[in-house]
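Residue numbers (this note's numbering): 8 to 350.
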Amino acid sequence: MRTKHLIPNHAAGLTYAARDHAAREDFGGGDGGGDPFEGFPDAVLGLIASKLPFRSAVAASAISRRWRGAAAAAPALDIDFAAAFPAAPRRRAAFAAAATAALAPPSPSPHPHPHPLRSLRLALEGLFDQAFAAAAAGHLASWLAAAAARGLERLELRLPRSRLAVLPPSLLACTGLTSLTLRLDHYALPLPSLAPFTRLSRLHLASVSLTGDDDFFGDLLSHCTELRYLILEQCRIVALRLVGPSRLRSLAITDCSWTQESSLAVLEMPELRTLRYSGAMATRHIIDGDVSLDEVLLAIEKPQVKPREATLRELLTSVGNVRSLLLSPWCIEVYRVSQILLI
């Protein structure tokens, strides 16, 4: 793989080590011509590469032969197309080749046994242009398959709005995931079942449509029994029904949009302790009286159309005897009025 065009202009200074005789002596290059990095184990080079922006990690592969596979040994990778090529978005093929080399090095390679990959962030905004979209979809599928083979535990996937930017089946091969973030730009397709992710403890969904026609959350809660944190951000929701029994401890609904006849139901969640609800609100709320919350944030914006009194009453039942309560100005006004009416 050619990497010259990926190396920042200032990276030439990184080759100082190959010219520094004293460094060679310190790291075992007794003959004066050895590589000062030969004494570094793969895990150390991979850890260094994981702390670098992806473009710099690729540039590091040109320092010496020893660094050639450092990115492939990294325990964490942040592969962001827009950050790698902020001024040259047409270099999609070069970016794809670099990402493939980091995630699935060719065989034979300096590292014949894949190193564990704990965390991966794939931000692919700009990669799915009209001419490269089909190739990008194929690369995405192969990258996730390679990450699954390396035992991936934490994944953040950002996809742009594109007909071909879809979740590939290889995503479900990442069965070791404990944390999953899917940030999908107006993703209208149904989400696949996450039943294979039995170790999942944190799920963050952003910019997806939740119609309620399928039983996505019922399937999620029944199979992902370790799920503790659920975050819904800027989603379009028709119906959200969370029915246990479940060990969910925290629910965040942030800046979501709700249809005119939308509903939110939270039932049989004995371990739910935190509720963060901001932005717009559903038309109807059904919250189990057995839910015992410790921390509640209701940053609901004042709706343009006056909601039904029952809607407000259902929502306010969730802020009973909580230890920490934070309300938006509009919620405070509604809460005061409801208390006056009760008196």
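Note that the Cβ used here is the ideal one computed from N, Cα and C, for glycine as well.
Since the structure is predicted, the reported quantities are computational estimates derived from the model, not experimental observations.
Between the alpha carbons of residue 49 and residue 139 lies a distance of about 34 Å. Rounded to whole angstroms, residue 265 and residue 241 show a C-alpha spacing of 10 Å. Judged by DSSP in its simplified three-state form, residue 230 adopts helix.
DSSP lists no beta-bridge partner residue for residue 91. Per DSSP, the beta-bridge partners of residue 265 are 244. If you ignore the 5 residues before and after residue 289, its C-beta comes within less than 6 Å of the C-beta of 265, 269, 270 and 271, all in its own chain and listed in chain order. Scanning its chain for C-beta atoms nearer than 7 Å, with the 5 sequence neighbours on each side dropped, one finds around residue 295 the residues 273, 274, 275 and 276, in chain order. In the three-state scheme derived from DSSP, where H, G and I count as helix and E and B as strand, residue 84 is classed as strand. Bridge partners of residue 273 according to DSSP: 249 and 294.
For residue 193, the secondary structure class from DSSP, reduced to helix, strand or coil, is strand.
Buried is the label assigned to residue 81, since at least 16 other Cβ atoms lie within 10 Å of its Cβ.
Per DSSP, residue 149 is one residue of the alpha helix (DSSP H) stretching across 140-156. In the three-state reduction of the DSSP assignment, residue 71 falls in the coil class.
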